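Enquirer: What follows is a single structure, and I will ask about it in a moment.
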Amino acid sequence: MQISEQNKEKDGLIETVNESTSEKGSKVYELGYLLISSIKEEDLPVTYGNLKELVLSFGGEIISDEMPKLINLAYSMQKVTSNVRKKWATAYFGWTKFTMDSEKIVELKKHLDLDPNFIRFLILKTVKENTIAAKRFVRGETYKRPIMKKSTENETAVPINKEEIDKEIDALIAA
Amino acid sequence: MRQDYFSANNIKFIDYKDVEILKKFLNPNGKIMSHKKTGVTSKNQRALASAIKHARFMGLLPFVVK
């Protein structure tokens, strides 16, 4: 019992230490990457899942991400893998945003450098909030029709003369 | 003078993935437009330049348009 309690205490200590370090050293990063287009569409979720696990294994917490999408590159890129130079005109572009220790991010970079699935990647410091600006909506001002006002004015302006109406009715009956 | 695009549209962080916005600040050759032409504040112009450079590196924007 005593041992288990001690362990608990120890665990608690470790947790608090971790929390304090995470508050101190962890920053928000974004990893943008280009995956080689020779990966099949069916296998894409697997590599995507592996990448997520990799980030988690380095103690990262994923904030937001996007599935890699096939894009046409603005210019062709070269990459040497196992002494063979290959050119790529299309690639899967995806990104993940996560918080991680500033020391761990260097290890992550080293790990990604060796990955043959990546053409390129980019690690940036960023902010937690969603940075992609929402599309601007067209002017929301509604155009008020002046006709409505006029009609109401006309109605109020016409005075009701009882005698005239009575006379008209009488004339109609007589006819 | 034109007003700063980013403060007018309430954009606080210029993202390199927002290619549609960044394209507005490129000339027909794909060069970054000057501070004079964009009318963007100095701070945002610097952030804009680095965002465009990041987008170029990731193949989202061209370095040159032939």
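As they're listed, the protein sequences go chains A and B. Heads up: the first sequence runs through residues 11 to 185, numbered per our numbering. Heads up: the second sequence runs through residues 45 to 110, numbered per our numbering. Yeah, the Cβ is synthetic: ideal placement off N, Cα and C, and Gly gets one too. Here the structure is a predicted model, which is why all the values come from computation and not from measurement.
1) For D59(B) and chain A, any beta-carbon pair shorter than 7 Å?
2) Restricting to Cα atoms, I'd like to know which of N82(A), P126(A), K37(A) is closest to V94(A).
3) Whose Cβ in chain A lies nearer than 8 Å to the Cβ of L104(B)?
4) Given that V137(A) touches chain D, what residues does it touch there, using C-beta distances under 9 Å?
5) Using a Cβ-Cβ distance under 7 Å, would L132(A) count as near chain B?
6) What residues of chain A sit near F101(B), judged by a beta carbon separation below 8 Å?
7) With respect to the alpha helix (DSSP H) encompassing T100(A), which residues constitute its N-terminal and C-terminal limits?
8) So does the segment 174–182 of chain A actually touch the segment 56–66 of chain B, counting three or more Cβ pairs closer than 8 Å?
9) Quick one: Cα of L66(A) to Cα of A99(B), how far?
10) Note down, in chain order, all residues in the segment 66–83 of chain B with a beta-carbon under 9 Å from any beta-carbon belonging to chain A.
11) Roughly how many angstroms separate the alpha carbons of T141(A) and S74(A), rounded to a whole number?
12) Once the 5 residues before and after W105(A) are set aside, which same chain residues still bring their CB inside 8 Å of it?
13) Cα-Cα, which of K107(A), V116(A), A99(A) is closest to V137(A)?
14) Give every residue of the same chain whose Cβ lies closer than 7 Å to the Cβ of G70(A), excluding the five residues on either side of it in the sequence, and list them in chain order.
15) Which same chain residues, not among the five before or five after R130(A), have their C-beta less than 6 Å away from its C-beta?
16) Under the three-state reduction of DSSP, which class applies to I72(A): helix, strand or coil?
17) Just checking my contact of L92(B) with F107(B) at CB under 8 Å: how many whole Å lie between their CB atoms?
18) Opposite T85(B) in the DSSP bridges: which residues?
19) Determine whether the beta carbon atoms of L80(A) and Y102(A) lie at a separation below 7 Å.
20) Would you say G42(A) reaches chain B, if we count a Cβ-Cβ gap shorter than 7 Å as a contact?
Expert: With the structure as the only source:
1) It does; some Cβ of chain A falls within 7 Å.
2) The residue with the shortest Cα to Cα distance from V94(A) is P126(A).
3) Residues of chain A passing the Cβ test: I81, A84, F103.
4) Protein chains A and B are contained in the structure displayed, whereas chain D is not.
5) L132(A) counts as touching chain B.
6) R130, L132, listed in chain order.
7) Run containing T100(A): none in the alpha helix (DSSP H); it sits in the beta strand (DSSP E), 94–111.
8) The answer is no - the segment 56–66 of chain B does not touch the segment 174–182 of chain A, with fewer than three Cβ pairs under 8 Å.
9) So the two alpha carbons sit approximately 26 Å from each other.
10) Contact residues of the segment 66–83 of chain B toward chain A are G74 (C-beta to C-beta distance below 9 Å).
11) Those two C-alpha atoms are separated by around 11 Å.
12) The answer, listed in chain order, is E40, L41, G42, Y43, D75, E76.
13) Out of K107(A), V116(A), A99(A), K107(A) has the C-alpha closest to the C-alpha of V137(A).
14) Answer for G70(A): F108, T109, M110, listed in chain order.
15) Within the same chain, R130(A) has close Cβ partners L44.
16) In the structure shown, I72(A) sits in a strand (DSSP, three-state: E or B).
17) Not confirmed; about 16 Å, so no contact.
18) Paired residue(s): none; T85(B) is not in a bridge.
19) In this structure, Y102(A) lies closer than 7 Å to L80(A) by Cβ.
20) For G42(A), the nearest beta carbon of chain B is closer than 7 Å to its own beta carbon.
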